[in-house]
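Visitor: Can you keep this structure in mind? I'll have questions shortly.
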């Protein structure tokens, strides 16, 4: 498809386990973002990748969270030793680095930590 | 850092009435203000945006106004229809599209009653 693709769409895990969430951005988009959507908390910025520049990790909530982007395309968000408060929808977005400012979001990965 | 507050958290209107959602931002350097609409189970989609050199922008039934002095901006939807029912997010950025790193409000659940 032409849109941002995320997998898995749903993930249920036990507290303490590690999880990986994947994002395939729109082809040709150089910028990629991860946001977290918790109930009643809006969209919380996590991390931003732009081309070959160093990522902006200022939104990662703890050192249990990390993300990488291989080959300037696919990105993986990893959460180690998951906690119940990590339960949320994790949204990925991509954009062309132009003046329009539009982010194209995927449908998200819903993470439930039991 | 930037902080964006959004009100109300929920809004119910009758079909055909107008709906207004308000946001305030904290960083006077912010210069780009988009609005996103999120339907159930989907990722947010851009519906309209405004830059700090403009006070108002319209697109059919939706309009956005910006008051830089007061640091607030609003979304206006006229002649609401049931398909307008969704969660609406405001956002602010001080990059004007250069990096597209957006700080979002907490969202407004709009319900349009037929």
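Residue numbers (the numbering used here), protein chains in the order written: chain A, 1 to 114; chain B, 1001 to 1114. Here a beta-carbon is modelled for each residue, glycine too, at the ideal position from N, C-alpha and C. Bear in mind the structure is a predicted one, so any value in this text is a computation, not a measurement.
1) Between the alpha carbons of residue 123/A and residue 38/A, how many angstroms are there, rounded?
2) Would a check of beta-carbon distances place residue 1034/B closer than 8 Å to chain A?
3) For residue 1019/B, is the classification buried or exposed, using 16 other Cβ atoms within 10 angstroms of its Cβ as the cut-off for buried?
4) With distances taken Cα to Cα, identify the nearest neighbour of residue 1028/B among 1004/B, 1060/B, 1040/B.
5) Apart from the five residues on each side of it in sequence, which residues of its chain come closer than 8 Å, Cβ to Cβ, to residue 29/A?
6) Against chain B, with Cβ distances strictly below 8 Å, would residue 24/A count as a contact?
7) Quick one: which chain A residues come within Cβ less than 9 Å of residue 1011/B?
8) With H, G and I counted as helix, E and B as strand and the rest as coil, what does DSSP make of residue 56/A?
9) Tell me residue 1034/B's beta-bridge partners as DSSP assigns them.
10) Check each residue of the segment 1034-1051 of chain B: if its Cβ is closer than 9 Å to any Cβ of chain A, include it; give the result in chain order.
11) Have a look at 1112/B, 1002/B, 1101/B and flag the residue whose alpha-carbon is nearest the alpha-carbon of residue 55/A.
12) When the cut-off is 8 Å and only beta carbons count, does residue 42/A lie next to chain B?
13) Alpha carbon to alpha carbon, what distance is there between residue 1014/B and residue 35/A?
14) Can you look up residue 70/A in the DSSP assignment and give me helix, strand or coil?
15) For residue 45/A, go through chain B and note every residue whose CB falls closer than 9 Å to its CB, in chain order.
16) Do residue 1032/B and residue 1051/B count as a contact pair if the criterion is CB distance below 8 Å?
Guide: Answer, in terms of the structure:
1) Nothing about residue 123/A can be reported from this structure: the residues present for chain A run from 1 to 114 only.
2) On the second chain, position 34 is the one that residue 1034/B refers to. Cβ-Cβ to chain A under 8 Å: yes for residue 1034/B.
3) On the second chain, residue 1019/B is found 19 positions in, with the first residue counted as 1. Classification of residue 1019/B: buried, given that the 10 Å Cβ count is 16 or more.
4) Position 28 of the second chain, counting from 1, holds the residue named residue 1028/B. Minimum Cα distance to residue 1028/B is reached at 1004/B.
5) The residue given as residue 29/A occupies position 29 in the first chain. Taken in chain order, the residues that qualify are 94, 95, 96, 104.
6) Position 24 of the first chain, counted from the start, is the residue given in the question as residue 24/A. So, not an interface residue.
7) Translated into positions along the second chain, residue 1011/B becomes position 11. Under the 9 Å cutoff, chain A gives no residues; its nearest Cβ is about 15 Å from residue 1011/B.
8) Along the first chain, one-based indexing puts residue 56/A at 56. Three-state result, residue 56/A: strand.
9) Sequence index remark: in the second chain, residue 1034/B carries index 34 (1-based). Residue 1034/B is bridged to 1049/B.
10) 1034, 1036, 1038, 1041, 1042, 1043, 1044, 1045, 1046, 1049, 1051
11) As a first step, residue 55/A is located in the first chain; it is residue number 55 there, counting from the start. For residue 55/A, the nearest C-alpha among the options comes from 1101/B.
12) Counting from 1 along the first chain, the entry for residue 42/A is found at position 42. It does: the Cβ of residue 42/A has a partner Cβ on chain B nearer than 8 Å.
13) Indexing the first chain from 1 puts residue 35/A at position 35. Indexing the second chain from 1 puts residue 1014/B at position 14. Roughly 32 Å between the two C-alpha positions.
14) Translated into positions along the first chain, residue 70/A becomes position 70. Helix, per DSSP.
15) As a first step, residue 45/A is located in the first chain; it is residue number 45 there, counting from the start. Residues of chain B passing the Cβ test: 1101, 1102, 1103, 1104.
16) Taking the first residue of the second chain as 1, we reach residue 1051/B at position 51. Taking the first residue of the second chain as 1, we reach residue 1032/B at position 32. Closer than 8 Å, so yes.
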